[in-house]
Each structure stands twice: as C-alpha cells, then as structure tokens.
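Visitor:
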Amino acid sequence: MNSKALLAATALVAITLSLPATAAELTVGFSQIGSESGWRAAETSVSKSEAAKRKVTLKIADAQQKQENQIKAIRSFIAQGVDAIFLAPVVSSGWDAVLKGAKEAKIPVVLLDRDIDPSGKELYLTAVTSDSVHEGAVAGEWLAKTVAGKACSVVELQGTVGASVATNRKKGFDSVVAKNANLKVVRSQTGDFTRAKGKEVMESFIKAEGGGKNICAVYAHNDDMMVGAIQAMKEAGLKPGKDVLTVSIDAVPDIFKAIAAGEANATVELTPNMAGPALDAIMAYKAKGTVPPKWIQTESKLYTAADDPQKIYDSKKGLGY
Amino acid sequence: MPSMMRRLLQSRGLAQIIALLVILAIDRAVSPQFFDLRMQDGRLFGSLIDVLNRGAPVALLALGMVLVIATRGIDLSVGAVMAIAGAIAASLADAYGLPLALAAALGAGLLCGLWNGFLVAVLGIQPIVATLILMVAGRGVAQLITEGRIVTFTAPDLVWLGNGAVLGVPTPVVVVLGMLVVTGAVVRGSALGLLIEATGGNARASELAGIRTRGMILAVYVWCGLCAALAGVIAAADIMGADANNAGLWLELDAILAVVIGGTSLFGGRFSPVLAMVGALIIQAMNTGILLSGYPPEFNLLVKAAVVLIVLLLQSPRFASAGAVLWRAQQ
Chain B
-1 MNSKALLAAT
9 ALVAITLSLP
19 ATAAELTVGF
29 SQIGSESGWR
39 AAETSVSKSE
49 AAKRKVTLKI
59 ADAQQKQENQ
69 IKAIRSFIAQ
79 GVDAIFLAPV
89 VSSGWDAVLK
99 GAKEAKIPVV
109 LLDRDIDPSG
119 KELYLTAVTS
129 DSVHEGAVAG
139 EWLAKTVAGK
149 ACSVVELQGT
159 VGASVATNRK
169 KGFDSVVAKN
179 ANLKVVRSQT
189 GDFTRAKGKE
199 VMESFIKAEG
209 GGKNICAVYA
219 HNDDMMVGAI
229 QAMKEAGLKP
239 GKDVLTVSID
249 AVPDIFKAIA
259 AGEANATVEL
269 TPNMAGPALD
279 AIMAYKAKGT
289 VPPKWIQTES
299 KLYTAADDPQ
309 KIYDSKKGLG
319 Y
Chain U
169 MPSMMRRLLQ
179 SRGLAQIIAL
189 LVILAIDRAV
199 SPQFFDLRMQ
209 DGRLFGSLID
219 VLNRGAPVAL
229 LALGMVLVIA
239 TRGIDLSVGA
249 VMAIAGAIAA
259 SLADAYGLPL
269 ALAAALGAGL
279 LCGLWNGFLV
289 AVLGIQPIVA
299 TLILMVAGRG
309 VAQLITEGRI
319 VTFTAPDLVW
329 LGNGAVLGVP
339 TPVVVVLGML
349 VVTGAVVRGS
359 ALGLLIEATG
369 GNARASELAG
379 IRTRGMILAV
389 YVWCGLCAAL
399 AGVIAAADIM
409 GADANNAGLW
419 LELDAILAVV
429 IGGTSLFGGR
439 FSPVLAMVGA
449 LIIQAMNTGI
459 LLSGYPPEFN
469 LLVKAAVVLI
479 VLLLQSPRFA
489 SAGAVLWRAQ
499 Q
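As you go down the protein sequences, you meet chains B and U in turn. Counting along the first sequence from 1, when you hit position 320 you're at 318 in this note's numbering, and nothing is skipped either side. Numbers given in this note's numbering equal positions in the second sequence, counted from 1, plus 168.
Put into structure tokens, the structure is as follows:
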C-alpha cells in the first residue's frame, strides 16, 4: 500500500466519521433537574427520542435537584458553544447571571416545564409549559359533561398544601364547579400527591360520607393519589369507575391500567413531551429566524376508556414513569 | 381515699390513656359514625379499624425506637429503612415469592440496624449524627433499587400482609400485636429490659457493673432496623407498590413522638413499649379525626401540634404541680 492510497483511505475514514456530525445540524444542551419523579424520568427519555427524531444532538446534564449544578451545566454548555440550551429550572430565582452569559454568547435558552421569575423574561427565548389551571378545568369539564346536569357530590384529593400545581389544579376545577350548580365539592383534603396518603384520605372520606353512598365522583390532583383511592374504594365494597366516577391528572401508566380494568374513568395528560415543541421552535428560529411566542402551552389532553387505554399503557410503560 | 386517688392519678400511663380516650371522644364528636363497625369482604370495616391499621407502620417503628431511646440513643434512619425494605420486597415478590422477598427485606433492615449500631456502639459516634447518615443515604439506596419509579407487584401473599385479615382483624394490626408480645416477652420476661434501662441511665456505671453495654446498644439498633423493615414491607403491601420517594417520609419523627408521648425520656432509662403503642395510637387517632372532620387541609399541622402540646403538658410534673397550686389557691 503506497502512501497516496493510505492518505485517501484516511481521508475517506475521516469523511465517514464526520458524516453523522454534519447530519446532526444542531447541538442542544439540556440541563435537567434530576430524578425527582417518574414523570421527570419520562420527560428525559421522551426528550432523547424527540431529539433523535429530528437528528439533533442532545446533551443532557442531570443536576440532582441542585441549582448550582444547573448553573455549572449551563456554563459548560456555553463554553462548548452549543446551538441552544434547554433548562428545566429547579427553582424560579437566581438565573439572571448565568442566562445573561448565554445571551451574550448568542445562545438561545428555552425553559421546559417550569417558568422563572419575571425579571428574567428577556433572558430566554420561550417557555414550554403546561397550564395547570387549565388541566383542572379540563378535568372539571369532563365531569360536568359526564353527569349531564345530574346532582353530583365530589370529593377532592388535593396535592401537597402550598404547591403551586395543587393550588392551580384546584382553581381550574373550582372554576368549572362554580359554573355548574349540580356539581358540589363536599370534601377536600390533601393526599400529598402520594398513593399511601391518597388511600388513607379516601378511606376517611368514605366513612364520613355514609360508607361512600353519597359520593358521586372523586377528583384527584394526580393519578398516584387516585390509584390509592381506587384501592380504598374497592376495599370498602364500592365499584370505582361505575358507582363512583373518577377523574385525575398526569396520565401516568398505572392509571391507564385502571381505566382498562374499568376502575377509573378519565385522566388529563401532563405531557412529558416538552422537548418536542421546544426543538421545533429552536429549529425554526435557527433556520428562518422565526421568533416563537414567549409561552408555548402544551396540550392538556383528556383520556378515557374510549382511547384504547391498554395500548397507551404499553407505550408509556417503558418511558421510566 | 384521697391517697388512693392520688396514687391512681400518679400511676404510669394514666395520662396517655386519658389523652387517647379524649381524642377518641373528639373523633366521635366530629364524626358520629366513628365507632360504627361492620364486616366488609371478611374484614372489619370502620374508622376505628382505620386508626389501628393506618397506625401500624408508626407503631412498629415506635416499638424499635423505644428500645433505642431507652439506651439514650435515637434512630433517624427508620423512615429510609422502610423505603429500602419496601423497595426490596416489591422488586422480589412477583419473581421469587413472599418468603424470599420478606427474608431479603428484613435482612436489609437487619444490616441497616447493624450499621447504625456499629457507628454508635463501636465507633462511639453520637446517635443523632450516626443515624442521620443512613437517613439521607438510605432513601437514595431505595431510589436506586426502584430506579425512581413506583414498583408495583401482584403477589397475593405479599398483598395480604397489607390488606388481608386474620379473623376480621387487618393483618398489619395482627403483626403489630405479635411484635409487641415478642418485644414485651423478651425485655420484660428476662433481665434484658433492666440491662437496657441501666445502659441508658448510666452507660459507664453499667459497664463497671459488668453489663456489656456495647452489645446491648448494638442489639437495640438491630431490633429497630428489623422493626422498620417490617413496617416498610407492610406500607408497600398496603398500596401494592414501593414508592421510594415517599414511603416512610418523616415517619421517624412520628415514631419518636409516639415514644415521647408514651412517657419514655429522650435521656434514656425507663421505657415502656406498651405506652409507645398508645402514643402511636394517639397520633393516628388524631390524624384520622382531622381527615374525618372536613376542616381545610391547611389546619392539619396546626391541630396536630396543638394536641401534641396538650398531651405533653399533661405529662409534665411541673405543669401538674403548677396546676395543683392554682387549684388550691382557688379553693
């Protein structure tokens, strides 16, 4: 083999090696909060598949629920000269300095799932989040439609007291209840977003409401509490999904199992796909300079038994929920 | 007659039992059907059963904690040990069956207890610091086992541990009673209880008197780990899943509270497993009452704090003598 051939071969190898890099037009750094919940794990895995679908190289940095780790990750993304930065902020304040750095480096920042304080409004391109007031309203409207004017006593399992998601999901549901005189929230207690507390609180609701005979529907601020409440209803000899209507929020896989078994009626999805719309916005911004709106609201889709729950369960099971 | 009255009033445990009865009476007032009982699917059903059943995990934790506190120690890691044991049991139950899952979970609890005991008894680290390590790391271990998900299972014998019944009595309640009898038999049926009290009262003097205080301290932490593991298995069986993020979260505080309400001093020495159980029941009767009352959840913690304060004041000798002085002044 002479030296010319060797050179040609080396060049060929170099070109082949560089091919995937040129095909991936964009590199995006994603500062993720950490593994705080199943939903968060699903968001990470969906982000990876959405990026792969668009041939974008996604670099994910796990911050282990610490803001200083997120700031470090963003600094290193800036140093690497990525094309865009996704940030799921663990807290809402303290981002000004590091985001100013990104702005000076002309790297657009997109917030995922959570917003930051208004003072940082100019420092990011857009925020992709769900509207949790709207989620509560979607749940309420499903119930109003399903009972169709019949009087209905609702018990509510609230999220953790003081959590903004819990406050908002309550607000959205209450706004629908206020418009429908036949709906009435008779009991409302916190189940701390957990299965165990959801079950315990539902047990006492059942006893306080005549063995559950007076309860027409259960509204839970998340699916996990509803899974616990369903167990409590079954143990009390009630038939959830039939005697008692259920509607909850999040759309985690286990609630689809319950819907498929006829033990739950409806769930409102908090989609783990925040990266998809964010990537679309970034690609349009990079290619054509289209500036996206400041807030991209994700869809709060309602699922019931009519949506082939078993199939959704199978597709969501592997996402890490 | 007055001297008999006084002796009765000063007898141990009276304050706790009165407190429990008062709280049950308040529960009855906020929820008229509180004492109603009926059978449902071969299992007793009613708010009173809820108090016993929901109180079971904290009661088990308190049973281990009371011995640790009697040696002048404290175990902050019990909540995390619950999470570990629940995660192990839930991950193994479907594939390997209950005996192995239970053995592995309890074995893990034993190891955790051994670790705590080693740090305290052998290395001489202060108990609150020593067990803080596992309190933080243990939840991480549990999250590693479950990979941050809620691991669900269907193994019917494990589900029975949380949701089944023996002669109508929920299994968790039966387990607590069994453990209470075992603990009582071991510590009061032998000199062990006395040796533990001596260790807690004055470790140095006990050592000089020939008590192997190191072994004693090691043993109570192991027992505490075992009780916590059992509580974790029951908590997982109850919801048919292991939730590493939330199982046993802050329950170490409820367990310590149950022991303290039961009249055991944090400075070690005299202890009572039975009264620690009464303490756990007081806490749960209060929690269930709050849930039944229909008050907004914002009041939960305030009500709880107020009740705990009153129960502790009832037990305070200084408060009692101040009360007596006031009463005499009024006469």
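Even glycine gets a Cβ: it sits at the ideal position worked out from N, Cα and C.
Taking Cβ-Cβ distances below 7 Å as the criterion, which residues of the region 187 to 204 of chain B are in contact with chain U?
Guide: Of all residues in the region 187 to 204 of chain B, Gln187, Thr188, Thr192, Arg193, Ala194, Lys197, Glu198, Val199, Glu201, Ser202 have a Cβ within less than 7 Å of some Cβ in chain U.
Visitor: Taking just the CA atoms, how far does isoleucine 385(U) sit from leucine 282(U)?
Guide: Their backbone Cα atoms lie some 10 Å apart in a straight line.
Visitor: What whole-angstrom Cβ distance do aspartate 411(U) and arginine 193(B) have, given they're in contact under 8 Å?
Guide: Right, their Cβ atoms sit about 6 Å apart.
Visitor: Classify phenylalanine 322(B) as buried or exposed, calling it buried when 16 or more other Cβ atoms lie within 10 Å of its own Cβ.
Guide: With chain B covering only -1 through 319, there is no way to say anything about residue 322(B).
Visitor: When you compare the CB of alanine 197(U) with every CB in chain B, is at least one pair closer than 8 Å?
Guide: For alanine 197(U), the answer is no, since every Cβ of chain B falls outside 8 Å of its Cβ.
Visitor: What's the gap between the Cα of serine 489(U) and the Cα of glycine 383(U)?
Guide: Computed Cα separation, rounded: 40 Å.
Visitor: By the criterion of Cβ-Cβ separation under 7 Å, what are the contact partners of valine 159(B) in chain U?
Guide: The answer, in chain order, is Pro465, Glu466.
Visitor: By DSSP, does threonine 499(U) sit in helix, in strand, or in coil?
Guide: Checking the sequence shown, residue 499(U) turns out to be glutamine, not threonine. In this structure, glutamine 499(U) counts as coil in the three-state DSSP scheme.
Visitor: Per DSSP, cysteine 395(U) is paired with what?
Guide: Partner(s): none; cysteine 395(U) has no beta bridge.
Visitor: Using a beta-carbon distance below 8 Å, is tyrosine 319(B) in contact with chain U?
Guide: For tyrosine 319(B), the answer is yes, since a Cβ of chain U falls inside 8 Å of its Cβ.
Visitor: Does any C-beta atom of chain D lie closer than 8 Å to the C-beta of alanine 403(U)?
Guide: Going by chain labels, chain D is absent from the structure shown, which instead holds the protein chains B and U.
Visitor: Do phenylalanine 191(B) and asparagine 220(B) have their C-beta atoms closer together than 8 Å?
Guide: Result yes, Cβ atoms of phenylalanine 191(B) and asparagine 220(B) sit closer than 8 Å.
Visitor: Run down chain B in chain order and give the residues with a C-beta less than 9 Å from the C-beta of asparagine 331(U).
Guide: Here the neighbours are Gln229, Glu233.
Visitor: Any idea what DSSP makes of tyrosine 319(B), helix, strand or coil?
Guide: Three-state result, tyrosine 319(B): coil.
Visitor: With a CB to CB cut of under 6 Å and the five nearest residues on each side skipped, what residues in its chain are close to glycine 181(U)?
Guide: Closer than 6 Å at Cβ, skipping near neighbours: Leu443.
Visitor: If you draw a straight line from the alpha carbon of lysine 299(B) to that of leucine 268(B), how long is it in whole angstroms?
Guide: If I take the Cα positions, the gap works out to 8 Å.
Visitor: Applying a beta-carbon distance threshold of less than 9 Å, which residues of chain B neighbour phenylalanine 203(U)?
Guide: None at all; the shortest Cβ gap to chain B is about 11 Å.
Visitor: Determine the chain U residues that contact aspartate 252(B) at a beta-carbon separation under 9 Å, and present them in chain order.
Guide: Ile318, Thr320, Gly409, listed in chain order.
Visitor: Between which two residues does the alpha helix (DSSP H) holding valine 319(U) run?
Guide: Premise fails: valine 319(U) lies in the beta strand (DSSP E), 318 to 320, not in any alpha helix (DSSP H).
Visitor: Using C-beta distances below 8 Å, list every residue in its chain close to lysine 195(B), excluding the 5 sequence neighbours before and after it, in chain order.
Guide: If we look at lysine 195(B) and ignore the five residues flanking it on each side, its Cβ neighbours are Thr188, Gly189, Met223, Gly226.
Visitor: Are the CB atoms of glycine 247(U) and tryptophan 416(U) within a distance shorter than 8 Å?
Guide: Note that residue 416(U) corresponds to glycine in the displayed sequence, not to tryptophan. Cβ distance < 8 Å, so glycine 416(U) and glycine 247(U) count as in contact.
Visitor: Locate the beta strand (DSSP E) running through valine 476(U), then write down its first and last residues.
Guide: Looking at the DSSP string, valine 476(U) is not in any beta strand (DSSP E); the run it does join, the alpha helix (DSSP H), is 468 to 483.
Visitor: By the 10 Å Cβ neighbour count, where 16 or more other Cβ atoms means buried, how is valine 88(B) classified, buried or exposed?
Guide: The residue is buried, with at least 16 neighbouring Cβ atoms inside 10 Å.
Visitor: Distance check for alanine 77(B) and glycine 462(U), CA to CA, integer angstroms please.
Guide: Going by the C-alpha atoms only, they are around 55 Å apart.
Visitor: Pull the bridge partners of alanine 215(B) from the DSSP assignment, please.
Guide: Answer by DSSP bridge pairing, in chain order: Val152(B), Leu243(B).
Visitor: Where does valine 89(B) fall in DSSP's three states?
Guide: The answer is coil: DSSP assigns valine 89(B) none of H, G, I, E or B.
Visitor: Whose C-alpha, out of Ala373(U), Glu365(U), Ala353(U), is nearest the C-alpha of arginine 438(U)?
Guide: The residue with the shortest Cα to Cα distance from arginine 438(U) is Glu365(U).
Visitor: Do aspartate 243(U) and methionine 250(U) count as a contact pair if the criterion is CB distance below 8 Å?
Guide: The answer is no: Cβ separation not under 8 Å.
Visitor: For arginine 206(U), name the three-state secondary structure that DSSP assigns.
Guide: Arginine 206(U): strand per DSSP, three-state reduction.
Visitor: Roughly how far, in whole angstroms, is the beta-carbon of glycine 277(U) from the beta-carbon of alanine 253(U), given that I think they are within contact range, below 8 Å?
Guide: Yes, they are in contact, since the Cβ atoms of glycine 277(U) and alanine 253(U) sit about 5 Å apart, within 8 Å.
Visitor: Can you give the Cα-Cα distance for alanine 19(B) and threonine 55(B), rounded to whole angstroms?
Guide: Residue confidence for alanine 19(B) is low, a pLDDT of 43 falling below 50, so the modelled location carries little weight; the figure read from the coordinates is stated next. If you take the alpha carbons of alanine 19(B) and threonine 55(B), they lie about 9 Å apart.
Visitor: Spatial neighbours of tryptophan 37(B) within its chain, please: CB distance less than 8 Å, with the 5 preceding and 5 following residues excluded, ordered by chain position.
Guide: Excluding positions up to five away in sequence, the list reads Asp248, Val250, Leu268, Pro270, Tyr319.
Visitor: Report yes or no: do the region 388 to 405 of chain U and the region 219 to 239 of chain U share at least 3 C-beta pairs separated by less than 8 Å?
Guide: Contact holds: three or more Cβ-Cβ distances are below 8 Å.
Visitor: Please name the residue, chosen from Ala497(U), Gln499(U), Arg496(U), Gln483(U), that lies closest to proline 183(U) on a Cα-to-Cα basis.
Guide: The question names proline, but residue 183(U) in the sequence shown is alanine. Nearest of Ala497(U), Gln499(U), Arg496(U), Gln483(U) to alanine 183(U), Cα basis: Gln483(U).
Visitor: What would DSSP say about isoleucine 31(B), mapped onto helix, strand or coil?
Guide: In the structure shown, isoleucine 31(B) sits in coil (DSSP, three-state: anything other than H, G, I, E or B).
Visitor: Along chain U, in chain order, which residues have C-beta atoms closer than 9 Å to that of glycine 210(B)?
Guide: Under the 9 Å cutoff, chain U gives no residues; its nearest Cβ is about 11 Å from glycine 210(B).
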